[in-house]
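One structure below.
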Amino acid sequence: MSLTAIDSPWLAAHPLPSVAGGKDKDARGRVLAIGGSAEVPGALLLTGDAALRSGAGKVALATISSIATAIGIAFPEAAVIALAEHDGEIVSPLPDSMQRRFGQIDALVVGPGMRQTDRTEAIVAALIDQCEVPILLDAGAMTAAAALLPGRREVVLTPHPGELARLLDCDKDAIEVDLAAAAHRAADRFGAIVALKSADTVIAAPGDSDCLHYRSGVAGLGTAGSGDVLAGLIGGLLARGAPPREAAAWGVWLHGEAGRRAGNLCAPIGFRAGEIAVHIPPALHAMETRGG
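The following block contains the structure:
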């Protein structure tokens with residue numbers, strides 16, 4: 001098994017789809033993010049914000065009805081879809097109107113702010129069956145999908161070691177002792193791109209012996225909501241047309257670089273997840289125009 005660093009030469013050799021020539025917002029990619037709950041109502045705000053800051057043109061957020069209006073007021077750039085709820089969580093089945101939206105999007109992000117429940121599992125199963133665009137699964141949606149993914153390559157999973165241990169039904173220590181091996185095991189089992197989040201993040205693809213890795217060295221990235229930002233960032237790059245492996249790699253690098261910039265302005269730790277997202281556009285612009 002080989003390891004390849006996600007660095008400036010790798011990124012230059014795997015450029016993102018161009019948005020030159022004044023592409024309009026539809027042509028730059030449309031993201032639908034589904035998630036949120038009464039316990040974590042703001043998670044989708046972080047996800048949607050990061051999706052737009054990645055260069056995607058449109059974002060829609062689907063969440064429980066009791067918080068939908070507040071989300072829309074807090075994030076006026078997004079369309080907001082109110083979904084039925086029970087005990088503060090989204091319930092299935094999703095309305096027929098959601099199926100019509102699947103033909104109007106370029107990438108789907110599911111899971112930020114959601115818990116793993118039987119209802120979540122039913123929602124994820126329906127989405128994987130009905131939606132043809134690339135899908136990123138995070139948090140509760142990801143762990144609910146353990147038995148649902150084989151055979152669909154255009155799925156990205158973004159677990160941390162604890163979540164991957166639950167997915168693979170093993171001890172967390174077994175994951176941490178060899179992150180690359182664990183990520184490859186999961187990629188092959190679920191037929192998905194796996195971005196295993198840690199101090200040294202690794203990305204594995206099904207059937208690929210090469211593993212990408214990135215070490216940010218930014219302690220402040222270990223903060224509440226940071227994973228929601230990463231999910232939206234990768235989702236936005238998927239919507240722009242980047243292949244899943246490249247979208248995950250660019251997303252991980254941009255997340256780390258944005259965190260480094262936030263730390264330089266604030267302090268090594270103590271900046272909030274929303275402050276990471278602010279630095280995504282300049283980090284992306286610097287890499288695309290000056291090579292890093």
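Positions 1 to 292 (UniProt numbering) are the ones given, in order, by the sequence shown.
The C-beta atom is built at its ideal place from N, Cα and C for all residues, glycine as well.
These numbers come from a predicted model, not from an experiment.
The beta carbon of A242 sits closer than 7 Å to the beta carbons of L16, P17 and W250 from its chain, once the five residues preceding and following it are set aside; these are given in chain order. For R115, there is no enclosing beta strand (DSSP E), since its DSSP letter is neither H nor E. Its chain contains S2 and T4 as the residues whose beta carbon lies nearer than 6 Å to that of D210, once the 5 sequence neighbours on both sides are disregarded; these appear in chain order. Counting other Cβ atoms within 10 Å of its Cβ, I280 reaches 16 or more and is therefore classed as buried.
Runs of the alpha helix (DSSP H) lying entirely within the stretch 78 to 135, each at least 4 residues long, are 96 to 102 and 118 to 130 in chain order. One Cα belongs to T69, the other to T120, and the distance between them is close to 22 Å. Among the bridge pairs identified by DSSP, S2 is matched with D210. Between I105 and V80, the C-beta spacing is not below 8 Å. In the DSSP assignment, L61 is bridged to A33 and V80.
When secondary structure is reduced to three states using DSSP, D26 falls in the coil class, being assigned neither helix nor strand. Of the candidates M142, P150 and L148, the residue whose Cα lies closest to the Cα of L164 is M142. Scanning I64, G225, V31 and R30 for the CA closest to the CA of A38 turns up I64. Contact holds between the stretch 37 to 57 and the stretch 272 to 286, because three or more Cβ pairs, one in each stretch, are under 8 Å apart. In this structure, D138 sits near T158, with a CB-CB distance shorter than 8 Å.
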